[in-house]
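Q: This is the structure, below, for whatever I ask next.
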Amino acid sequence: MSRGEDVGIKCIGNDPSEELNNVTDVKYLESTRPQMSFRCRFRRAFITVTHRLSILLLGIGMVWGVLHYMKYRWTKEEEETRQMYDMVVKIIAFHLDRRNSPPNSLTPCLKIRNMFDPVMEIGDHWHLAIQEAILEKCSDNDGIVHIAVDKNSREGCVYVKCLSPEYAGKAFKALHGSWFDGKLVTVKYLRLDRYHHRFPQALTCNTPLKPSNKHMNSMSHLRLRTGTTNSQGSS
Numbered sequence: 002m003s004r005g006e007d008v009g010i011k012c013i014g015n016d017p018s019e020e021l022n023n024v025t026d027v028k029y030l031e032s033t034r035p036q037m038s039f040r041c042r043f044r045r046a047f048i049t050v051t052h053r054l055s056i057l058l059l060g061i062g063m064v065w066g067v068l069h070y071m072k073y074r075w076t077k078e079e080e081e082t083r084q085m086y087d088m089v090v091k092i093i094a095f096h097l098d099r100r101n102s103p104p105n106s107l108t109p110c111l112k113i114r115n116m117f118d119p120v121m122e123i124g125d126h127w128h129l130a131i132q133e134a135i136l137e138k139c140s141d142n143d144g145i146v147h148i149a150v151d152k153n154s155r156e157g158c159v160y161v162k163c164l165s166p167e168y169a170g171k172a173f174k175a176l177h178g179s180w181f182d183g184k185l186v187t188v189k190y191l192r193l194d195r196y197h198h199r200f201p202q203a204l205t206c207n208t209p210l211k212p213s214n215k216h217m218n219s220m221s222h223l224r225l226r227t228g229t230t231n232s233q234g235s236s
């Protein structure tokens, strides 16, 4: 065999980049023309494909698991919210039947809470939109004669006077326990003398107020109507 002839075997020493001149420096031999049987090639290809497919399936499984968990959380949160609403309705119904029912009322005045958040309201006439929303909600009630919005109230309080306790009872049923702008509205009765002490101008109010908005959309578009100009029941 002549020097430099390729016989399919390469001698490798400590440093693969250096040329070997002495047989004693050979550490191992390497084939320059490796030949593999079909069985070995198939086995290697099968292992490679299986490995990559396993990684792909693992990734798909992780994504599916995350989506499934998110769907489970959303469903659970919706169910918890529904149960909370049902509980609130039951509590409200209990108080309505036992303590605040209209037949037990001897006053035509109401105090409504959670109608607004003074920090979030914009403009100079947003309180008029609140009044309009109440009149729309009680559109079948012809007995509301005075509405006053306490702009500085942290509880979002609105005061309403009706012609009689019967009309106040109708307004109570229409407003108490309703959801307004994402907040649960609660209503309680207020003594007539206390109402007149707070709002003396209401003493002579006896003309029923009517909503000025014919489309009746204040309850759902309050934020878009902060510029409403309606002087009915202003205080």
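Using our numbering, read the sequence shown as starting at 2 and increasing by one per residue. Backbone N, C-alpha and C define an ideal beta-carbon position, used for all residues, glycine too. All of these numbers come straight from a predicted model, not from anything done at the bench.
#1: For V50 and I56, what's the separation of their Cα atoms in angstroms?
#2: Of all the options F39, L111, C139, which has the alpha carbon lying nearest to the alpha carbon of D194?
#3: Residue range of the alpha helix (DSSP H) that R199 falls in?
#4: For S18 and W65, what's the separation of their Cα atoms in angstroms?
#5: Since P109 and K189 should fall inside the 8 Å C-beta cutoff, what is the C-beta to C-beta distance between them, to a whole number of angstroms?
#6: What is the DSSP secondary structure of I123, counted as helix, strand or coil?
#7: Hey, I131 and Y168: beta-carbon distance below 8 Å or not?
#8: Using only the alpha-carbon positions, how far apart do I61 and I48 sit?
#9: By alpha-carbon positions, which one of L204, S213, G157 ends up nearest to I113?
#10: Where in the segment 124-207 do unbroken runs of the alpha helix (DSSP H), each at least 4 residues long, occur, reported from the N-terminal end onward?
#11: Helix, strand or coil for L107? Go by DSSP, reduced to three states.
#12: Could you check whether H198 and V186 sit closer than 8 Å to each other, using their CB atoms as the reference points?
#13: Helix or strand or just coil, what does DSSP make of K77?
#14: Which class does V27 belong to by DSSP, given the choice of helix, strand or coil?
#15: Would you mind sorting W75 into buried or exposed? The rule is 16 or more other CB atoms within 10 Å of its CB.
#16: According to DSSP, is K72 part of a helix, a strand, or is it coil?
#17: Taking the alpha carbon of E137 as the point to measure from, which residue in F181, Y73, F200 has its own alpha carbon closest?
A: Based on what the coordinates show:
#1: The residue you call residue 50 lines up with position 49 of the sequence shown. The residue you call residue 56 lines up with position 55 of the sequence shown. Taking the straight line from one Cα to the other gives about 10 Å.
#2: For the purposes of this step, residue 194 is taken as the residue at position 193 of the sequence shown. For the residues F39, L111, C139, the minimum Cα distance to D194 belongs to L111.
#3: Taking the sequence shown and counting its residues from 1, one reaches residue 199 at position 198. Looking at the DSSP string, the run of the alpha helix (DSSP H) that includes R199 is 193-199.
#4: If you number the sequence shown from 1, residue 18 lands on position 17. If you number the sequence shown from 1, residue 65 lands on position 64. Going from the Cα of S18 to the Cα of W65 covers about 49 Å.
#5: To locate residue 109, count along the sequence shown from 1; it is residue 108. To locate residue 189, count along the sequence shown from 1; it is residue 188. The Cβ separation is near 13 Å, so there is no contact.
#6: Here residue 123 is taken as the residue at index 122 of the sequence shown, counted from 1. I123 falls in the coil class under three-state DSSP.
#7: For the purposes of this step, residue 131 is taken as the residue at position 130 of the sequence shown. For the purposes of this step, residue 168 is taken as the residue at position 167 of the sequence shown. No, Cβ-Cβ distance for I131 and Y168 is not below 8 Å.
#8: Position 60 of the sequence shown, counted from the start, is the residue given in the question as residue 61. Position 47 of the sequence shown, counted from the start, is the residue given in the question as residue 48. Going from the Cα of I61 to the Cα of I48 covers about 20 Å.
#9: Within the sequence shown, residue 113 is the residue found at index 112, counting from 1. Per the Cα distances, G157.
#10: 127-138, 166-176, 193-199
#11: Here residue 107 refers to the residue found at position 106 of the sequence shown. Here L107 sits in coil by DSSP.
#12: Here residue 186 refers to the residue found at position 185 when the sequence shown is read from its first residue. Here residue 198 refers to the residue found at position 197 when the sequence shown is read from its first residue. For V186 and H198, no; Cβs fall outside 8 Å.
#13: Along the sequence shown, read from residue 1 onward, the residue named residue 77 stands at position 76. Three-state result, K77: helix.
#14: Translated into positions along the sequence shown, residue 27 becomes position 26. DSSP places V27 in coil when its eight states are reduced to three.
#15: Taking the sequence shown and counting its residues from 1, the one referred to as residue 75 is at position 74. Exposed, since its Cβ has fewer than 16 Cβ neighbours within 10 Å.
#16: Start at 1 with the first residue of the sequence shown, and residue 72 comes out as number 71. Looking at K72 - three-state DSSP - the assignment turns out to be helix.
#17: Taking the first residue of the sequence shown as position 1, residue 137 is located at position 136. Measuring from the Cα of E137, the nearest candidate turns out to be F181.
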